[in-house]
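Following: one structure in structure tokens, then a few remarks.
Protein chains: 2
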Amino acid sequence: MSERVTIKSIARDLGISHMTVSRALSGHPSVLKETREAVQNRARELGYVKHAAANVMRGQTTRIVGLLLPNIVNEFYARFANTMALACEAQSLQLIIHLTGDEAGAERQALARLNEVQAQGVVMVPVPGSDGAMTLKPRPMSVVQLIRQSGADAAPTILVDDDQALQGAVAHLAEKGHRAIAYIGADSRLSSGQSRLASFRAGLERAGVAERPELLFTGTPTAEIGAQRMRQVLGDGAATALVCGGVEISNGALSAMMAAGVSPTGPFDLVGYGDPSFYAWIGGGLTTIGVPVERLAHKAVELMVAASPPPRIHRFEAALIVRPGSPPG
Amino acid sequence: MSERVTIKSIARDLGISHMTVSRALSGHPSVLKETREAVQNRARELGYVKHAAANVMRGQTTRIVGLLLPNIVNEFYARFANTMALACEAQSLQLIIHLTGDEAGAERQALARLNEVQAQGVVMVPVPGSDGAMTLKPRPMSVVQLIRQSGADAAPTILVDDDQALQGAVAHLAEKGHRAIAYIGADSRLSSGQSRLASFRAGLERAGVAERPELLFTGTPTAEIGAQRMRQVLGDGAATALVCGGVEISNGALSAMMAAGVSPTGPFDLVGYGDPSFYAWIGGGLTTIGVPVERLAHKAVELMVAASPPPRIHRFEAALIVRPGSPPG
DNA sequence: GTGAAAGCGCTAACAA
DNA sequence: TTGTTAGCGCTTTCAC
């Protein structure tokens, strides 16, 4: 265990002032070329690494940003994180990922920790029912909200505009002859829960399909809820098709169908939400609502690094992806 | 934009010494209860957040750890990251994720950045052909290598013991009558590339199936290579089954099959590597080599936070997961 | 071209 | 119980 290598230790080693070392290492012009080279060589030999904390203390901004997600297993979030990580890498930002599990306490703590390390900004999927970043009294961090809009918060927000896609999903199912179409989505604590349900109903009306209140399910947007409601729907057999209103719910519903041995593209038609790669491979291709994840991620980074982004809402349009499904047989 | 709230500003505000504030906030016993409460209240009102960098400067260790992955879209890595993030959260560690894209430059830079922020440790999937953490001359970080063993590095390493599973995969295919079994895996730059190929060949020999050198493919362990080789295999039609030797290759090979409209569970049998949830749903269930991701992740965190873990190799056994596939018909 | 001093926020050690 | 001092690693400012 050798001592930590600092500019002072290098200076001592070379018998010069630590300031000369500092200047030499940061490429300051007024340093004798030979001095500079001597310093740089010695630094390399000794394995000097700049102490980021020291710079932070001097008021310099960190190159750290945060990302708060419910989880990172769902391919939607995984792809978002992947794109964002690459975008950060490109800007030499370091990305700290906190998983909230959609739990308010975890969210609060994650924000606190990011504040402590003086993170430059944070992109977050707000936990349902939380006040979001409002809990950050002194907000040195710039906050970008993703997917969901939380409370009265005045942070820029990136939303998915899925109204047309959801209505299209209903129209698509109606065209295929379905008249008993179920829906599983987030409940009204989430702005997206409200709007998606509204879009679904609008779709029913536009398609001339009667609304069946007993086939409308809302709850917390988790895979478990998705699976549970789907089992219910399959169990009582009243519905012949189903539309999902969220990426977690979609995966949950799908897994419940597969577990029950029911094809999601068979006579019972499922329309998923989000477009993980494997949806294309399930039973001849699952029809789903595609979300432009990569574009969301780039916009998120762009907003986060912006000096002081106005608290605007940025919408990205989702699109219905119709797939053939099982060949009729 | 108000001034930054520090213990000194609170002290000024209350007309006391900043040390008293420090003690009050950190729960030091010898502070008058009323003083402490006054300080804590004021701190809360003002929105004080501790400055992590200041503590780091004083030699305190950061609560930051790093994770280096090729990507985070592959469900294997995503699940690893998810589990590790939760484990870190539980130990109030912050997790910085760097994606290397299996590129040496990115790896080097990521390690450098983690060093700069004084990360406590790092879990990394070494880039093929790199010297791994050897480039870290002064290693204040504890390093844990994952999945692959890199160079002559003396860091603890977590490996998957897939010998039996791979041999089992070949035996399984042989039992189904296959005599022309192809293999796609990583090349010999990777220790795992070598050992998996060896296991595959041992499996052939044990099953009494002749080895066909022209059906053995190795390359960089990416989805692209997997897809490309798979197209080749399907194109020339010499093989009737294929075993994958890596999670990326497996996904790539699968996507190429699906794109070609060939069922991976049909007459041509694919054995995958890794067990993302959807493998169970593809064509009646894809037979694959299951890896205990969650256990790997927990071990990784355990080793990383350990004082000075011996550079041991920790092996976790993979298991062949046989699935029915399409019903014969 | 080089050096000395000061200060970022915090706490250990000593002083009162 | 409370206060003062010093120093962690670094760069900006001013002197030489």
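Chains as they are written, first to last, in my numbering: chain A, -17 to 311; chain B, -17 to 311.
Built from N, CA and C at the ideal position, the CB exists for glycine as well.
Kindly list the residues whose CB is nearer than 8 Å to the CB of residue i, restricted to its own chain and excluding five residues on each side of it in sequence; keep chain order.
i                       : result
arginine 277 of chain B : Phe298
alanine 223 of chain A  : Leu155, Lys158, His160, Ala162, Ile163, Ala164, Phe250, Asp251, Leu252 and Val253
valine 304 of chain A   : His154 and Thr269
alanine 192 of chain A  : Arg161 and Leu186
Restricting to Cα atoms, I'd like to know which of the options is closest to residue i.
i                        : options                                     : result
valine 13 of chain B     : B/Thr2, B/Val142 and B/Asp145               : B/Thr2
valine 21 of chain A     : A/Ala(-7), A/Gly83 and A/Gly48              : A/Ala(-7)
arginine 51 of chain B   : A/Thr44, A/Leu50, A/Leu68 and A/Lys15       : Looking at the sequence itself, residue 51 of chain B is leucine, so the reference to arginine does not match. Minimum Cα distance to leucine 51 of chain B is reached at A/Leu68.
arginine 61 of chain A   : A/Val275, A/Ala282, A/Val104 and A/Val304   : A/Val275
glutamate 206 of chain A : A/Gly83, A/Val283 and A/Val304              : A/Gly83
arginine 194 of chain B  : B/Ala301, B/Phe182, B/Arg24 and B/Lys32     : B/Phe182
glutamate 352 of chain B : B/Ala238, B/Pro203 and B/His33              : Because residue 352 of chain B is not part of the residues shown, which for chain B are -17 to 311, the question remains open.
glutamate 196 of chain A : A/Asp143, A/Ala137 and A/Gly219             : A/Gly219
leucine 186 of chain A   : A/Gly208, A/Ala153 and A/Ser174             : A/Ala153
glycine 208 of chain A   : A/Val191, A/Cys226 and A/Ala221             : A/Cys226
lysine 32 of chain A     : B/Arg95, B/Leu198, B/Gln146 and B/His10     : B/Arg95
alanine 36 of chain B    : B/Val107, B/Leu(-4), B/Glu57 and B/Thr(-12) : B/Thr(-12)
glycine 167 of chain B   : B/Ala282, B/Ala25 and B/Tyr255              : B/Tyr255
histidine 296 of chain B : B/Pro306, B/Ala189 and B/Asp144             : B/Asp144
glycine -3 of chain A    : A/Arg24, A/Phe58 and A/Ala282               : A/Arg24
proline 312 of chain A   : A/Glu(-15), A/Val287 and A/Ala300           : Because chain A in this structure spans residues -17 to 311, residue 312 of chain A falls outside the shown range and cannot be described.
histidine 280 of chain A : A/Met123, A/His10, A/Arg171 and A/Thr65     : A/Thr65
alanine 312 of chain B   : B/Ser124, B/Ser177 and B/Leu179             : Nothing about residue 312 of chain B can be reported from this structure: the residues present for chain B run from -17 to 311 only.
Looking at the unbroken alpha helix (DSSP H) that takes in residue i, where does it start and where does it end?
i                        : result
leucine 68 of chain A    : 57 to 72
aspartate -5 of chain B  : -11 to -4
leucine 278 of chain B   : 275 to 287
threonine 2 of chain B   : 0 to 7
glycine 234 of chain B   : 229 to 241
aspartate 145 of chain B : 145 to 157
On the DSSP letters alone, give me the boundaries of the beta strand (DSSP E) that residue i sits inside.
i                            : result
glycine 208 of chain B       : Per DSSP, glycine 208 of chain B belongs to no beta strand (DSSP E); it is in the alpha helix (DSSP H), 205 to 218.
histidine 80 of chain A      : 76 to 81
glycine 272 of chain A       : 270 to 272
glutamate 299 of chain B     : 295 to 299
isoleucine 264 of chain B    : No beta strand (DSSP E) holds isoleucine 264 of chain B; DSSP gives it neither H nor E.
phenylalanine 199 of chain B : 198 to 201
methionine 123 of chain A    : Premise fails: methionine 123 of chain A is in no beta strand (DSSP E) and is neither H nor E.
glycine 254 of chain A       : 251 to 255
valine 38 of chain B         : Note, valine 38 of chain B: premise wrong, no beta strand (DSSP E); alpha helix (DSSP H) at 34 to 39.
valine 244 of chain A        : Careful: valine 244 of chain A lies outside any beta strand (DSSP E) and carries neither H nor E.
alanine 136 of chain B       : Looking at the DSSP string, alanine 136 of chain B is not in any beta strand (DSSP E), and its letter there is neither H nor E.
leucine 51 of chain B        : 46 to 51
glycine 167 of chain B       : 163 to 168
glycine 103 of chain B       : 103 to 106
Kindly list the residues whose CB is nearer than 6 Å to the CB of residue i, restricted to its own chain and excluding five residues on each side of it in sequence; keep chain order.
i                        : result
alanine 242 of chain A   : Leu216
leucine 75 of chain A    : Arg45 and Val47
cysteine 341 of chain A  : Any question about residue 341 of chain A goes unanswered here, given that chain A covers just -17 to 311.
alanine 63 of chain A    : Ile54
aspartate 317 of chain B : Past the edges of chain B, shown from -17 to 311, lies residue 317 of chain B, and the structure says nothing about it.
proline 258 of chain A   : Glu57
alanine 221 of chain A   : Ala162, Ala164, Leu197 and Val215
Please check the pair residue i and residue j, which I expect to be a contact at CB under 8 Å, by giving their CB distance rounded to whole angstroms.
i                         : j                       : result
isoleucine 140 of chain A : leucine 148 of chain A  : About 18 Å separates the two Cβ atoms, so there is no contact after all.
glutamine 102 of chain A  : arginine 45 of chain A  : 7 Å
lysine 15 of chain A      : histidine 0 of chain A  : That belief does not hold up - the Cβ atoms of lysine 15 of chain A and histidine 0 of chain A are roughly 19 Å apart, past 8 Å.
glycine 150 of chain A    : leucine 268 of chain A  : Glycine 150 of chain A to leucine 268 of chain A, Cβ: 15 Å. No contact.
valine 126 of chain B     : leucine 285 of chain B  : 5 Å
valine 142 of chain B     : valine 273 of chain B   : 5 Å
arginine 130 of chain B   : leucine 172 of chain B  : 6 Å
alanine 34 of chain A     : glutamate 27 of chain B : The Cβ separation is near 31 Å, so there is no contact.
isoleucine 271 of chain A : alanine 300 of chain A  : 5 Å
Taking 7 Å as the limit between beta carbons, can you name the residues of its chain near residue i, skipping five residues before and five after?
i                        : result
serine 308 of chain B    : Ser245, Thr247, Gly248, Gly265 and Gly266
glycine 85 of chain B    : It is worth fixing the name first, because residue 85 of chain B is glutamate in this sequence and not glycine. Closer than 7 Å at Cβ, skipping near neighbours: Val109.
alanine 189 of chain B   : Val152, Ala153 and Ala156
alanine 6 of chain B     : Val13, Thr17, Arg18, Val21 and Gln22
asparagine 56 of chain B : Val229, Glu230 and Asn233
aspartate -5 of chain B  : Arg24
glutamate 89 of chain A  : Leu50, Thr82, Val109 and Ser112
proline 306 of chain B   : Gly266 and Gly267
glycine 311 of chain A   : Low confidence applies to glycine 311 of chain A: its pLDDT is 40, below 50, so where it sits in the model is not reliable, and the reading given next is rough at best. Result list for glycine 311 of chain A: empty, nothing under 7 Å.
Let me check you understand the geometry: is the CB of residue i closer than 7 Å to at least one non-hydrogen atom of the ligand HEM?
i                        : result
aspartate 143 of chain A : Ligands displayed in this structure: none; no statement on the ligand HEM is therefore possible.
query: Given 8 Å as the limit, is there contact between the segment 263 to 270 of chain B and the segment 280 to 293 of chain B, that is, 3 or more CB pairs closer than that?
result: no
Just checking, does the segment 79 to 89 of chain A make contact with the segment 36 to 43 of chain A on the three C-beta pairs under 8 Å criterion?
no
Quick one: any contact between the segment 231 to 249 of chain A and the segment 200 to 219 of chain A, if contact means 3 or more CB pairs under 8 Å? yes
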